[in-house]
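Chains as they are written, first to last, in our numbering: chain G, 322 to 398; chain V, 15 to 190. What follows is a single structure, written as structure tokens, with notes after it.
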Amino acid sequence: MPIRVLLDRVLLERRMSLTELADRVGVTIANLSILKTGKARAVRFSTLAALCRELDCQPGDLLHFEPGPGDEDFEDD
Amino acid sequence: MRALGPGSVSSFLKIILDVVYVALWIGVGAVGALMLLALLFSFNPDLLADLVVTAGGEEVKNRGPVMTLGLLAATVYMGGVLVIVAQLRKIFATLTAGDPFHPENVRRLRVVGLILAGLELGRYAFWVLSRSILPDANAVEPSLSLTAWFSVLVVFVLAEVFREGARLRREAELTI
Numbered sequence: 322m323p324i325r326v327l328l329d330r331v332l333l334e335r336r337m338s339l340t341e342l343a344d345r346v347g348v349t350i351a352n353l354s355i356l357k358t359g360k361a362r363a364v365r366f367s368t369l370a371a372l373c374r375e376l377d378c379q380p381g382d383l384l385h386f387e388p389g390p391g392d393e394d395f396e397d398d
Numbered sequence: 015m016r017a018l019g020p021g022s023v024s025s026f027l028k029i030i031l032d033v034v035y036v037a038l039w040i041g042v043g044a045v046g047a048l049m050l051l052a053l054l055f056s057f058n059p060d061l062l063a064d065l066v067v068t069a070g071g072e073e074v075k076n077r078g079p080v081m082t083l084g085l086l087a088a089t090v091y092m093g094g095v096l097v098i099v100a101q102l103r104k105i106f107a108t109l110t111a112g113d114p115f116h117p118e119n120v121r122r123l124r125v126v127g128l129i130l131a132g133l134e135l136g137r138y139a140f141w142v143l144s145r146s147i148l149p150d151a152n153a154v155e156p157s158l159s160l161t162a163w164f165s166v167l168v169v170f171v172l173a174e175v176f177r178e179g180a181r182l183r184r185e186a187e188l189t190i
């Protein structure tokens, strides 16, 4: 997946724990961990909006595109 | 009336499949035991002297091997149906649990399709074999059962539908 999630970095900058963010956003810690570790396949706009609202940032602060050999296989499985 | 989940049509069908499954086990065991008896008796034809087996109106000479072959075919056929029912029980267990797109259901449906095709091919093979052993027997003529082959294709298509469903389920699980 060429999209890297920078949630851990933003959390560190805001000095916020994953548990606190999960409570504020209304997403389970398990799902936020999936997102943080880059295992997520997709992010809902509603989730992204809630994350940006609570972390006071823009979507670009959370997501980073890294071109690589696997960036064309979004129809895999 | 709900189709999925506890107390639904699926759970009712699951109970029926459970009963059929047990009955099939008993049937396979009984027919298998009869086949073994026929096999043992075929070594001593005198024990079967009072038994008259006819095919096409004429008495069959080699009763033991013919009966053994017939019972073996019946055991294999019932065994195939047993495996199909066993797979359907597992599929309906997932439907009762409200999880129709369980990844294992794809493999189970493919097994059902393969066994249905195998049973149909076995029917033709049994007819060829019985014609060679009993040339006078013409009571059962082979016929290309379009319904059976249509069922096989439908099951394989359903397996692909379930595969797509399982993929979408996984996508949904990993969508945050």
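For every residue, glycine included, the Cβ atom is placed at its ideal position computed from N, Cα and C. Since this is a predicted model, take the numbers as computed values, not measurements.
- Listed by position along chain G, the residues whose Cβ is nearer than 8 Å to that of Ile190 of chain V are Val348, Asn352, Leu353, Ile355, Leu356, Ala361, Ala363, Val364, Arg365, Thr368.
- The Cβ atoms of Pro20 of chain V and Thr110 of chain V sit closer than 8 Å to each other.
- Going by DSSP, Phe57 of chain V is part of no alpha helix (DSSP H) at all; its letter is neither H nor E.
- Close CB contacts of Met49 of chain V within its chain, under the 7 Å cut and outside five residues either way in sequence, are with Thr82, Leu85, Leu86, Thr89 (chain order).
- DSSP places Arg336 of chain G outside both helix and strand once states are collapsed to three, so it counts as coil.
- At a Cβ-Cβ threshold of 8 Å, Arg335 of chain G and Leu376 of chain G count as neighbours.
- In the three-state reduction of the DSSP assignment, Ala363 of chain G falls in the strand class, which pools E and B.
- Along the region 115–129 of chain V, none of the residues has a CB nearer than 7 Å to a CB of chain G.
- Exposed is the label assigned to Ala44 of chain V, since fewer than 16 other Cβ atoms lie within 10 Å of its Cβ.
- For the set V:Gly112, V:Phe57, V:Asp32, V:Tyr91, the Cα lying nearest the Cα of Ser22 of chain V is the one of V:Gly112.
- For Arg183 of chain V, the secondary structure class from DSSP, reduced to helix, strand or coil, is helix.
- Taking a cut-off of 8 Å on C-beta distances, the region 94–105 of chain V touches the region 122–136 of chain V, as three or more cross pairs fall below it.
- For the pair Leu53 of chain V and Leu148 of chain V, the Cα-to-Cα distance works out to about 18 Å.
- Within the region 169–182 of chain V, the residues whose Cβ lies closer than 7 Å to some Cβ of chain G are Arg181, listed in chain order.
- Note that the C-beta distance between Lys357 of chain G and Asp329 of chain G is below 8 Å.
- By the rule that beta-carbons nearer than 8 Å mark a contact, Glu185 of chain V touches chain G.
- Counting along the chain, Ile350 of chain G sits inside the alpha helix (DSSP H) bounded by residues 350–357.
- Taking 8 Å as the cut-off, the beta carbon of Val95 of chain V is found closer than this to the beta carbon of Leu38 of chain V.
- Beyond the five residues adjoining it in sequence on each side, Leu172 of chain V comes within less than 7 Å, by CB distance, of Leu123 in the same chain, given in chain order.
- DSSP places Leu384 of chain G in the uninterrupted beta strand (DSSP E) bounded by 384–386.
- Annotation for Ile190 of chain V: no beta strand (DSSP E) segment contains it, and DSSP assigns it neither H nor E.
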